[in-house]
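Listed in order, the protein sequences are those of chains A and B. Under the working numbering, the first residue of the first sequence is numbered 1, with each subsequent residue one higher. Under the working numbering, the first residue of the second sequence is numbered 725, with each subsequent residue one higher. The C-beta atom is built at its ideal place from N, Cα and C for all residues, glycine as well. Only a predicted model underlies this, so the values are computations on that prediction, with no experimental measurement involved. Below you'll find the structure, written out as structure tokens, and then a few comments.
Number of protein chains: 2
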Amino acid sequence: MTTPLTIPRILLALLLCVSLTARGEDGYRLWLRYDKLNDAALAKKYSSTLKYILLEKESPTLLIAQKELNNALQGLLGTTIGNTHSIQAGTIVLGTPASSPVIASLAPRDKLGAVGNEGFLIYTTTVKSKLCIVITANQDIGVLYGIYHFIRLLQTQQSIQSLSIASAPAIQLRILNHWDNLDRTVERGYAGFSLWDWHKLPGYIDPRYYDYARANASIGINGTVLTNVNANAQVLTDLYLKKVAALADIFRPYGIKVYLTARFSAPIEIGGLKTADPLDKDVKVWWKNKIDEIYTYIPDFGGFLVKANSEGQPGPQNYNRSHADGANMLAEALAPHHGIVMWRAFVYSNEVPEDRAKQAYNEFKPLDGSFNNNVLVQVKNGPVDFQPREPFHPLFGAMPKTPLMLEVQLTQEYLGFATHLVYLAPLFKECMDADTYTHGKGSTVSRVIDGSLENHKLTGIAGVANIGNDRNWTGHPFAQANWYALGRLAWLPALSSETIAEEWIRMTFSNDEAAVHALKEMMLRSRETTVQYMTPLGLHHIMGWNHHYGPGPWIKDKPRADWTAVYYHQADSLGVGFNRTARGSNALAQYTPEVQKLYGSPDTCPEEYLLWFHHIRWDHKLSSGRTLWDELCYHYYTGADSVYHMQQRWNALESKIDRDRFQQVKSLLAIQHQEAIWWRNACVLYFQTFSKKDIPAGLEKPDKSLQYYESLEFPFAPGIRPKW
Amino acid sequence: MTTPLTIPRILLALLLCVSLTARGEDGYRLWLRYDKLNDAALAKKYSSTLKYILLEKESPTLLIAQKELNNALQGLLGTTIGNTHSIQAGTIVLGTPASSPVIASLAPRDKLGAVGNEGFLIYTTTVKSKLCIVITANQDIGVLYGIYHFIRLLQTQQSIQSLSIASAPAIQLRILNHWDNLDRTVERGYAGFSLWDWHKLPGYIDPRYYDYARANASIGINGTVLTNVNANAQVLTDLYLKKVAALADIFRPYGIKVYLTARFSAPIEIGGLKTADPLDKDVKVWWKNKIDEIYTYIPDFGGFLVKANSEGQPGPQNYNRSHADGANMLAEALAPHHGIVMWRAFVYSNEVPEDRAKQAYNEFKPLDGSFNNNVLVQVKNGPVDFQPREPFHPLFGAMPKTPLMLEVQLTQEYLGFATHLVYLAPLFKECMDADTYTHGKGSTVSRVIDGSLENHKLTGIAGVANIGNDRNWTGHPFAQANWYALGRLAWLPALSSETIAEEWIRMTFSNDEAAVHALKEMMLRSRETTVQYMTPLGLHHIMGWNHHYGPGPWIKDKPRADWTAVYYHQADSLGVGFNRTARGSNALAQYTPEVQKLYGSPDTCPEEYLLWFHHIRWDHKLSSGRTLWDELCYHYYTGADSVYHMQQRWNALESKIDRDRFQQVKSLLAIQHQEAIWWRNACVLYFQTFSKKDIPAGLEKPDKSLQYYESLEFPFAPGIRPKW
């Protein structure tokens, strides 16, 4: 007898799974996933409120807003929303007073006035007894930002009854820095290669450029520096400017301005001049002409980001001129076009026998007041270089006459590349919330960079992008959250890391409450975990040589002392740590007295900065009652264990996460765990050669020798310039 | 009065379009698109025949086959097909006689015997009056190939009534050569960067690796050389072999073996030896141990591809040994593991004052008979280097005792990179169908490489991959067809270019008859068009220096004469062309007398090879009645015009093609047209400096000067090794 099998439920589930995989969750859509809401009741409720869209006058930006809203509503609610020419019950009214008579008749001018050029209002109102939602702004771009905010409300399943939202960005320039080279390699890039397919531009427009612009607009990012700070002058030639212009044309309706990095020696390299002296007349003329030319291609070109006289880059000091001389020369030529200069403070020299952490302050503080008013000085969050943890940069608060821009790194150069799950909002917030005390308590870095502390109108924040041409943009699915966090914090620095994480999780993964809770905890703890297994207690820059992959506390004897690890940890038989007090490099003196007092004594210095500021004896007792050596070990072991717990937590979510991303993150967490143990073992074994103490009882002994770890080589670690 | 607008049809269409775009046709699915068939009647007919799947015993490969079939049927027909344990009416029975008693009882042993290890049978049969379809083979991989064949029948809307198909590959090794470097740059790659994310391997398995394997299995490709022929020895270290093994594990159930390129000097570079002399005992031992080690990681490792003593690569000649000495040394160590060596015949030296087209023959022909029996010599289709058109390589037929493998290039190094639409099957076929006359008429290159002419069992064909990490794999949507064509031709060289194009179009774009017809014509003419606007009448290697982007007939004075264009075109005041007759380099003598006779006289030589073999006077009259100069001009102009016609043809298909790909190809064709005019103008102006003749009346004059074209520089053209 032959009987057909009925298909068991499990098989059906598998088949559905297969079919999903055919167009699986590849991460390409980022947080702009408009899949149908699982909460059908809520979707129905939304649908009953959202019936029509009214857009009275079209513009490129408003059409994008309308299309995005249509698309989101169709996806999230599964219904097609009609357009209307007049207000019905359930109409979403889009536009600016200038473009829409309906809005002009409805919009509260005072509230609109308060949100400026980029802000928006979203509010529920009744017109002729018809309930509708108005999304309005002073400029079209504000409407687009409002649309994305509104969509976010739906994606995160919030109430849209009685809306009354006014929102405006706290910081004016919200910018991504791409360290992308013209050959499409990306310095410190771990998510594939550059998005910019220079060879095919301007003729071929990769559809991805539009999705890049959408993603940025959705989180309020309004500028992008296309090229590496280690710059190539070729991008300023006619051939490339046409390509840049094609990108600028795409980004413009999304409110995104294009910026380039200016190689200081470009007048020599592509201009045929003998010098790049910023005070030389021909050099000035060359830059003026070049900049005028750029604006013929890109009428709203944003300006230049410049790395000068740092790590081998040319700059004004080659001609015995100051950073201000260099910046002002460019700024002068940009000013008539309303362009700006972002001049990086990340400078240090091996010819200066001074603690590297002090050099930027020493060079830049004396220049305060000498920069033109369209120059910002761009300062990294910490005084060394994007470490897992650094104290805030002493320049914040120290240059009151100069607008300072904060530079943070999204790409995880020192934080596990694209294989470690590290949510960076807590790192950004730690810096932004730090108190400089320059105008008394409450003089936070946030208030420096949003201009409120020293009354600057020109304000900015930059994130070094973690974006490449990987299908999911950032390599690690969770690294998307760091891109997201930059945009959200740049708009509203007061947002908590937790709020941002929750928004992102709901939009990117799931609205399931248990999943949201678990993922949020994983994310919020992740950065501290990474600090623990890499550089606990204020240790810093003990990564592998050059590529910065993995531990390398033994790195020494390199071309520059400040490119070695031993320079930073200063371990010896007595103890470990960099003495930056008055008895050491006295970097501490660059901070206000209040900060000096806090950090100046091992007794008051928060333990997370202890070895940043102090050389501490191995047997020094810490707050836990343990010696420094034991505490160091416990941190390393706890860090590695925490990754294990993160793995368990993730595994428990299998049923709540799509199969592709579940598997990807599972593999990545396994790598992270393996590498956390590598960090732990290598560092504990290395520092043990100084402390001569046992690893505390109960902690598993490393299964490999220090020699083994020291012998590891990674000739093709990603993110460094290829060598041939 | 307020009236809601009804949504006009056009708007609805637009909205649907928007929603499609959200998960638009990004090209990722290649020809394995399983969207629902448009022909509902046919889908219904298929559904009535295809109701159950019977798979008696599972294996990794058979599970893939089952899953793929389920997935395809669900997508194409929109119905879920159940599994059964016994034959019902409408059952598809999968398996081998060894794995399935049902199959063992049904399968015709004689027919199965005839299809070998990789072939398959698909036939309709009746069991106990129940109509079913059997897909069977001697090995699991044959079943998988059969499944893909069966799915193709559905995708291309063919009848599945009374099936009786027996198919087996004509060529044993069907291989992709990836010129991928360990830093993920790809030599001559124009579709992004390497798929192989070496840094994250083996821990992180990109889902794309599975889709790569699926795509290859679906067209019968059964081997992949992961690394560049300009090899790096690091891939043979423990660190990398673990990564290679991870890829091999993924590819294995898809029937794909992994191969590597062996850098001949590896014993020195990673082995610490002083020499790499293939007759040195220590060198032999080193390779034996290394190869044994490889097999501990990858038990079915395929073997090595070697580029030696060519373009700066090390090789046995560094030690005064022959290519055979080098190849045999490796072959000996591989033989116990059933591994093979593919030794490239692409060698030439600037120290040899001899026509580069002759050198491979001169070096290799004398070695015929001296290679071990697990060595193949891999020969490019033509004697120079993957030009738009070359005569077949004279080694084909000239080494009867040695298995010769054909190497063709899918990546369009000399054919417009990834921006020109060039369907390459006609190029491959031109070589394969060429008659060497070595055993009389009918001694085609196909019969050399399929082993039938000289009775070789070991046979192979290799395509230099055009695959990168672009979302659509190959950059140009139509370049996917060249990957597809390689697989199909390797399986069945008798397939026509037209058949292959039609299959691919139906699977990749549309079954709409008008669209199929138009696309097929575009594809079939495209290669001849490219020859016309680049290198008509037998011209060759007049591309831009180094990057090979755009025209460069003026290239001269480079480190090697045979890296210049003037070496190849030999233009002077009298005429143009490379005299390869007895009065010239006599490369012609490397062919059989029949071929010599055909090509030896300008009167009988097909005009497409004229300037390859002859230096022809500018005023020589050709078959058209035109002078050479006029004919050359007409070819260049016709080529550029043909691209314009291709654009028109494409534009007319707008309603039949998805929006994303329509737009992409439209942009790419515009680039191609622009570059075709560039080629035309630059070449005509350049050759005019010799011919001193006017461009024929009626042809538009170039709008730029020769100096302009000569001045163009492309410092970051893709596909060459980055320089810093």
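Using the three-state DSSP reduction, which class does residue i fall into: helix, strand or coil?
i, result
"residue 319/A", "helix"
"residue 1469/B", "In the structure as shown, chain B begins at 725 and stops at 1448. Residue 1469/B is therefore absent and cannot be evaluated."
"residue 1005/B", "helix"
"residue 589/A", "helix"
"residue 971/B", "helix"
"residue 1363/B", "helix"
"residue 180/A", "strand"
"residue 533/A", "helix"
"residue 470/A", "coil"
"residue 1275/B", "strand"
"residue 648/A", "helix"
"residue 1417/B", "coil"
So that I know if they touch, is there some Cβ in chain A lying closer than 9 Å to that of residue i?
i, result
"residue 985/B", "no"
"residue 932/B", "yes"
"residue 783/B", "no"
"residue 976/B", "no"
"residue 1391/B", "yes"
"residue 963/B", "yes"
"residue 972/B", "no"
"residue 1382/B", "no"
"residue 1395/B", "yes"
"residue 1398/B", "yes"
Among the options, whose alpha-carbon lies nearest the alpha-carbon of residue i?
i, options, result
"residue 446/A", "381/A, 471/A and 389/A", "381/A"
"residue 572/A", "586/A, 560/A, 583/A and 554/A", "554/A"
"residue 1191/B", "902/B, 1373/B and 1437/B", "902/B"
"residue 377/A", "391/A, 424/A and 456/A", "456/A"
"residue 367/A", "350/A, 400/A and 603/A", "400/A"
"residue 192/A", "448/A, 475/A and 167/A", "475/A"
"residue 231/A", "687/A, 181/A, 205/A and 152/A", "181/A"
"residue 1088/B", "1369/B, 1341/B, 1379/B and 1048/B", "1048/B"
"residue 656/A", "95/A, 519/A and 101/A", "519/A"
"residue 87/A", "73/A, 102/A and 76/A", "102/A"
Please go through the same chain and pick out, in chain order, the residues whose beta-carbon is closer than 8 Å to the beta-carbon of residue i, but skip the five residues on each side of it.
i, result
"residue 91/A", "51, 52, 53, 54, 84, 130, 132 and 133"
"residue 334/A", "291, 303, 304, 340, 341 and 374"
"residue 828/B", "821 and 822"
So, at 6 Å on beta carbons, what are the nonlocal neighbours of residue i in its own chain, with the 5 sequence-adjacent residues on each side left out?
i, result
"residue 425/A", "485, 497 and 500"
"residue 1260/B", "1359"
Just checking: is the beta-carbon of residue i within a distance shorter than 9 Å of some beta-carbon in chain B?
i, result
"residue 417/A", "yes"
"residue 24/A", "yes"
"residue 717/A", "yes"
Taking 8 Å as the cut-off, is the beta-carbon of residue i closer than that to any non-hydrogen atom of the ligand MG?
i, result
"residue 165/A", "The ligand MG is absent from the structure shown, which contains no ligands of any kind."
Excluding the 5 residues preceding and the 5 following residue i in the sequence, name in chain order all residues of the same chain whose CB lies nearer than 7 Å to its CB.
i, result
"residue 1286/B", "1072, 1074 and 1080"
"residue 1347/B", "1331"
Q) At a Cβ cut of 9 Å, what residues of the segment 1187 to 1203 of chain B count as close to chain A, listed as they run along the chain? A) 1193, 1194, 1195 and 1199
Q | chain A contacts made by the segment 908 to 928 of chain B, where a contact means CB separation under 7 Å | A | 909, 916, 917, 922, 923, 924, 927 and 928
(Q) Can you pull out the residues from the segment 979 to 1011 of chain B whose beta carbon lies closer than 8 Å to at least one beta carbon of chain A? (A) none
Q.
Against chain A, which members of the segment 749 to 768 of chain B pass a CB distance test of less than 7 Å?
A. 758
Q. Got a sec: which bits of the segment 1411 to 1443 of chain B sit with their beta carbon under 7 Å from any beta carbon on chain A, in order along the chain?
A. 1439, 1440, 1441 and 1442
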